[in-house]
Every structure is written in C-alpha cells, then in structure tokens.
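Written out below as structure tokens is the structure these notes cover.
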Amino acid sequence: SLRGEEVPLVSLKGMLKFWEETWAEPDPYIMVALYGRFKGETGFRWHCLPVSDKTRSGLPVRRWVSTLLWRRKEVQGRTNGWLFVKEDGKTRAQIRDYDSSFLHYLELAKSRRP
C-alpha cells in the first residue's frame with residue numbers, strides 16, 4: 002500500500018501508459034506508477050506497484066481511479082506530470098496539501114455514521 006509522501010509521487014503519464022493493458026488480465030489490477038527518489042536509492046527511479054482492481058471489502062478501486070484519470074486527461078487536458086498537483090497544475094502536491102480536505106471529509110463521514 003502507499004503511505005505518506007509516496008502518494009504524490011504517482012505519475013500521470015505512467016498511470017495512463019499501463020491503464021488499458023491491465024484490464025485484459027485474468028485478474029484485473031491497476032498499475033500504480035511512481036517516479037521519484039526513494040529511501041536507500043540514489044537519483045530518480047520508476048517503481049510500478051500492482052494494486053487490486055477491487056478491495057476485499059468490495060471498494061471499486063478502478064472506478065475511482067478511472068474517474069480521476071478521466072478528469073486529468075479529458076477535463077484538464079493533462080497527460081504528463083504528476084497525478085496529484087497543486088492549484089497551478091504543474092507543481093507536485095504534497096500530502097500536507099490535502100490535510101484540510103481530508104479532515105473535512107473525515108468529519109463529514111463521522112457525522113453521517115457516528
């Protein structure tokens with residue numbers, strides 16, 4: 002699983018490159034393509050992580066990722082760079098950029114199911 006500062010390292014170009022071919026597998030999966038510097042390594046490198054198409058609890062991962070990729074490509078006209086960017090559309094986002102939004106949705110979820 003991805004944690005912390007790994008999430009913003011997801012490459013839009015890498016995700017789009019593997020998107021179609023992962024549908025054809027007998028056990029569908031999503032290839033999450035990361036690009037960056039990782040602990041214990043020097044320089045920038047690619048890391049590809051296969052993620053299940055659907056979680057054990059039934060969460061449809063592909064549907065949510067598909068919606069995000071569609072938005073980036075069709076609505077924003079982007080096919081390169083980072084999947085998660087700041088408001089300028091170019092600078093790689095950091096986890097802390099999402100802290101307030103995450104807390105908002107967490108509080109909303111708590112209020113709906115205390």
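Position one of the sequence shown corresponds to residue 2 (the working numbering), numbered consecutively onward.
Ideal placement from N, C-alpha and C gives every residue a C-beta, glycine not left out.
Cβ separation of residue i and residue j, assumed to be a contact under 8 Å, to the nearest whole Å
i, j, result
"Phe85", "Val33", "Incorrect: roughly 12 Å between the Cβ atoms, too far for contact."
"Lys87", "Asp98", "6 Å"
"Tyr30", "Ser53", "6 Å"
Buried versus exposed, by CB contacts within 10 Å (16 or more), residue i
i, result
"Leu35", "buried"
"Arg79", "buried"
"Leu107", "exposed"
"Pro9", "buried"
Distance between residue j and residue i (C-alpha atoms, nearest Å)
i, j, result
"Ser102", "Ile96", "11 Å"
"Val62", "Pro51", "12 Å"
"Thr92", "Thr23", "28 Å"
"Trp71", "Glu7", "22 Å"
"Phe39", "Leu17", "22 Å"
"Phe19", "Ala94", "22 Å"
"Arg73", "Cys49", "20 Å"
"Thr68", "Arg113", "24 Å"
"Asp28", "Trp65", "18 Å"
"Trp83", "Phe45", "14 Å"
"Leu109", "Pro115", "10 Å"
The beta strand (DSSP E) enclosing residue i, as first and last residue numbers
i, result
"Ala34", "30–37"
"Arg64", "Taken as a continuous stretch (DSSP letters only), Arg64 belongs to no beta strand (DSSP E), being part of the alpha helix (DSSP H) at 62–71."
"Trp1", "Lying outside 2 to 115, the shown extent of the chain, residue 1 is not represented and no answer is given."
Limits of the unbroken alpha helix (DSSP H) element including residue i
i, result
"Ser58", "Here Ser58 belongs to no alpha helix (DSSP H), and DSSP marks it neither H nor E."
"Lys14", "13–20"
Within the region 66–115, note down every full beta strand (DSSP E) run reaching 3 residues or more, in order along the chain.
none
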